[in-house]
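Position one of the sequence shown corresponds to residue 153 (our numbering), numbered consecutively onward.
Each residue gets a CB set at the ideal place from its N, CA and C atoms; glycine is no exception.
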Amino acid sequence: MNRFLNGRSLLLIVAIHVLSGHMFAADEASGEGQGTRIGERRVPTEISAPAGAADSGSRFLTVVRRAVDVILENGRDTYGDQHSEMIISVLDRKNGRPLRSLPQPPQGVRHSDRVGPGGSNANLQQDLYRTMLHLSRLSGDTQYEQAAQAALRDFIRITQHPDTGLLAWGEHLYWNCVEDRLGDLDPNRTHEPKKKFVLFDVVHAVEPERTLKYARGLWDHQIADQKTGNFSRHARYDRHDPRRDYDFAKEGGYFIDTWSRAYAVSQDKVFATAVRVLTQRYLNRMSSSGHLALDSTTRPEWFETSPSLYAVALAAECTDAAERMDSESAFLLRKLVAAQDQAFLSMPHRPADPARGFVSYADTESGQPKPVEAKQSNGFSRHWGLGYGVHSTAMIALLCNTRQQQLGDSERGEEYRRLVVEAATLYLNESPDPAGDDLWAGEYGTVIFTLLAAHRISHDSRYLDRAIALADDAVRIFWDNDKPLPRASAKTDYYDVVTGTDTLSLALLAVHEQISGEVPQIEVSDLIR
Numbered sequence: 153m154n155r156f157l158n159g160r161s162l163l164l165i166v167a168i169h170v171l172s173g174h175m176f177a178a179d180e181a182s183g184e185g186q187g188t189r190i191g192e193r194r195v196p197t198e199i200s201a202p203a204g205a206a207d208s209g210s211r212f213l214t215v216v217r218r219a220v221d222v223i224l225e226n227g228r229d230t231y232g233d234q235h236s237e238m239i240i241s242v243l244d245r246k247n248g249r250p251l252r253s254l255p256q257p258p259q260g261v262r263h264s265d266r267v268g269p270g271g272s273n274a275n276l277q278q279d280l281y282r283t284m285l286h287l288s289r290l291s292g293d294t295q296y297e298q299a300a301q302a303a304l305r306d307f308i309r310i311t312q313h314p315d316t317g318l319l320a321w322g323e324h325l326y327w328n329c330v331e332d333r334l335g336d337l338d339p340n341r342t343h344e345p346k347k348k349f350v351l352f353d354v355v356h357a358v359e360p361e362r363t364l365k366y367a368r369g370l371w372d373h374q375i376a377d378q379k380t381g382n383f384s385r386h387a388r389y390d391r392h393d394p395r396r397d398y399d400f401a402k403e404g405g406y407f408i409d410t411w412s413r414a415y416a417v418s419q420d421k422v423f424a425t426a427v428r429v430l431t432q433r434y435l436n437r438m439s440s441s442g443h444l445a446l447d448s449t450t451r452p453e454w455f456e457t458s459p460s461l462y463a464v465a466l467a468a469e470c471t472d473a474a475e476r477m478d479s480e481s482a483f484l485l486r487k488l489v490a491a492q493d494q495a496f497l498s499m500p501h502r503p504a505d506p507a508r509g510f511v512s513y514a515d516t517e518s519g520q521p522k523p524v525e526a527k528q529s530n531g532f533s534r535h536w537g538l539g540y541g542v543h544s545t546a547m548i549a550l551l552c553n554t555r556q557q558q559l560g561d562s563e564r565g566e567e568y569r570r571l572v573v574e575a576a577t578l579y580l581n582e583s584p585d586p587a588g589d590d591l592w593a594g595e596y597g598t599v600i601f602t603l604l605a606a607h608r609i610s611h612d613s614r615y616l617d618r619a620i621a622l623a624d625d626a627v628r629i630f631w632d633n634d635k636p637l638p639r640a641s642a643k644t645d646y647y648d649v650v651t652g653t654d655t656l657s658l659a660l661l662a663v664h665e666q667i668s669g670e671v672p673q674i675e676v677s678d679l680i681r
């Protein structure tokens with residue numbers, strides 16, 4: 153790390169500190185696998201690797217580095233009248249240049265959720281920036297760190313709306329780098345974060361005022377009622393137009409996370425108020441058994457239906473938030489965490505059962521699985537085959553992994569640990585069908601991370617062996633020798649971050665790090681939700 157200690161390296165130090173917050177935890181219950189502490193997580197210093205793996209593991213580093221090199225060569229905003237360091241999110245696989253028109257999307261991707269030609273969406277590709285930060289650490293080449301810093305800096309500088317403070321990112325927005333304007337696939341200009349702002353601290357290190365302005369914009373322009381916390385996950389990017397009742401706990405958790413980070417660096421009481429108001433809203437909205445309905449509407453297709461992923465995600469976000477907040481806010485957050493843990497863990501999850509999985513949708517009173525016709529769900533998680541609103545077994549397992557890291561050796565921590573290992577056990581034998589199904593790149597990333605997480609907490613080499621095998625399969629399916637960028641899905645032939653190509657790259661880098669015998673520092677990504 154000494155080679156990074158120069159004048160430009162504050163970002164990397166901040167980034168690695170931030171990323172270490174979700175490291176793999178070592179299992180010390182048996183007295184084996186003594187670990188080093190990074191942040192507040194135990195990271196194993198002695199993990200067995202297959203014989204000869206140190207040499208063979210470099211193949212994954214080579215694939216990922218080659219892809220990032222092409223993105224940096226041709227996939228940055230050197231097009232149009234105004235150039236910047238932003239990274240374009242949809243590219244030609246062969247040369248990394250922006251496409252002139254969008255190909256047919258992967259199965260399960262809605263038109264309104266796509267990034268258009270020449271578009272950059274920093275929210276969707278946070279795992280790309282994390283990949284770049286780790287590439288600098290692993291290779292000693294600081295160009296990747298510098299490029300990630302510059303891309304994030306220019307994105308917030310250029311795309312932040314001057315009136316609302318909101319950014320051109322998330323599920324419906326992007327910035328058109330070729331035409332230097334807001335992307336127009338969504339004519340409603342809808343702001344909705346798709347992923348948690350996990351790089352908040354990294355962006356704050358280079359653009360503190362703009363980062364806090366974004367956090368304040370979420371409170372001022374996304375929350376319709378600042379007394380009750382009523383909000384919609386949808387708001388207008390370019391003017392004050394907050395909506396009501398579509399108060400999904402997943403997005404609410406994102407807001408709480410962002411406000412708590414903003415409070416930690418500013419001590420601004422407005423952010424403490426925002427955290428308390430939204431936390432209290434969810435406490436008030438819970439059923440007697442702690443379950444949260446999808447939203448506050450009375451739509452019959454979703455009435456009294458609780459997505460389990462939202463419960464464990466909210467518990468994870470609020471746990472980290474509590475550590476950043478004042479005592480009053482922390483008390484409320486921990487009360488909500490306890491209720492959501494109880495609600496999630498009371499469900500009859502069967503992640504190791506190929507015919508079942510995690511309970512994905514539950515009745516808000518009984519906690520029993522509830523079929524949801526709109527998602528073609530029998531109430532249990534799907535093992536493979538992502539699409540809009542689909543909650544996979546690996547997605548939920550990764551959030552369980554985050555919770556078991558936070559809880560450590562406690563009773564509930566052990567319950568979450570068991571669920572992670574059971575999900576990974578399913579994937580030892582549950583194989584995808586890339587020839588028959590249009591599988592997303594990110595699906596492989598989530599399953600590989602699930603297997604790596606199980607290996608860390610169980611020390612069972614079967615999970616590592618399976619992760620390596622799936623990583624090799626992913627390279628074969630999503631890469632070609634003459635095309636350095638991964639395809640968006642098994643049946644498409646272009647690069648697109650909407651399907652989690654960046655998460656797959658980060659997972660491959662994690663496999664490389666694991667089998668090369670290095671102390672693992674790459675976080676398990678739970679960003680695909």
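Drop a sphere of 10 angstroms on the beta-carbon of residue i, count the other beta-carbons inside from all chains shown, and report buried for 16 or more, exposed for fewer.
i: P459; result: buried
i: P314; result: exposed
i: T316; result: buried
i: T450; result: exposed
i: L679; result: buried
i: P255; result: exposed
i: Q278; result: buried
i: K347; result: buried
i: F483; result: exposed
i: K365; result: buried
i: F455; result: exposed
State the Cα-Cα distance for the pair residue i and residue j, rounded to the nearest angstrom.
i: I674; j: Q666; result: 9 Å
i: R333; j: Y568; result: 45 Å
i: S544; j: D515; result: 19 Å
i: R555; j: E566; result: 10 Å
i: V572; j: V599; result: 11 Å
i: D478; j: C470; result: 13 Å
i: R681; j: F407; result: 15 Å
i: V627; j: L280; result: 17 Å
i: I609; j: A426; result: 36 Å
i: L550; j: T230; result: 36 Å
i: I620; j: A299; result: 29 Å
i: G537; j: H263; result: 18 Å
i: I310; j: L276; result: 17 Å
i: E361; j: H501; result: 44 Å
i: H664; j: D645; result: 25 Å
i: S533; j: E525; result: 14 Å
i: D221; j: F352; result: 25 Å
i: L444; j: S518; result: 12 Å
i: V417; j: Q312; result: 20 Å
i: V422; j: Y389; result: 21 Å
Candidates the options: which alpha carbon is nearest residue i's?
i: A357; options: L304, I310, A623, A549; result: L304
i: R252; options: G260, G232, S236, R211; result: G232
i: L656; options: I629, L444, G669; result: I629
i: L430; options: E456, S481, R476; result: S481
i: P672; options: A659, T450, A546; result: A659
i: G227; options: F510, D244, V261; result: D244
i: S210; options: S291, L254, G270; result: S291
i: A465; options: S439, I548, H501, S418; result: I548
i: I375; options: T363, F352, W411; result: W411
i: D634; options: A587, L213, A219; result: A219
i: S247; options: V663, H501, Y647, G539; result: Residue identity check: residue 247 is Asn in the sequence provided, not Ser. Nearest of V663, H501, Y647, G539 to N247, Cα basis: Y647.
i: D617; options: N581, Q295, D493; result: N581
i: R586; options: K643, S562, H535, N530; result: Note that residue 586 is Pro in the sequence shown here, rather than Arg. It is K643 whose Cα lies nearest to the Cα of P586.
i: Y296; options: V216, G270, N273, K346; result: V216
Quick check on DSSP: helix, strand or coil for residue i?
i: T380; result: coil
i: V649; result: helix
i: Y398; result: coil
i: R451; result: coil
i: L318; result: coil
i: G369; result: helix
i: V417; result: helix
i: N247; result: coil
i: T655; result: helix
i: Y326; result: coil
i: V350; result: coil
i: V536; result: Note that residue 536 is Trp in the sequence shown, not Val. It is coil, neither helix nor strand.
i: V464; result: helix
i: E403; result: helix
i: I240; result: coil
Is residue i near the ligand FMN, judged by its Cβ being under 6 Å from some heavy atom?
i: A303; result: For the ligand FMN, the structure offers nothing, since it holds no ligand at all.
Worksheet item: Is there contact between the stretch 399–406 and the stretch 375–387, where contact requires at least three CB pairs shorter than 8 Å?
Response: The stretch 399–406 vs the stretch 375–387: in contact.
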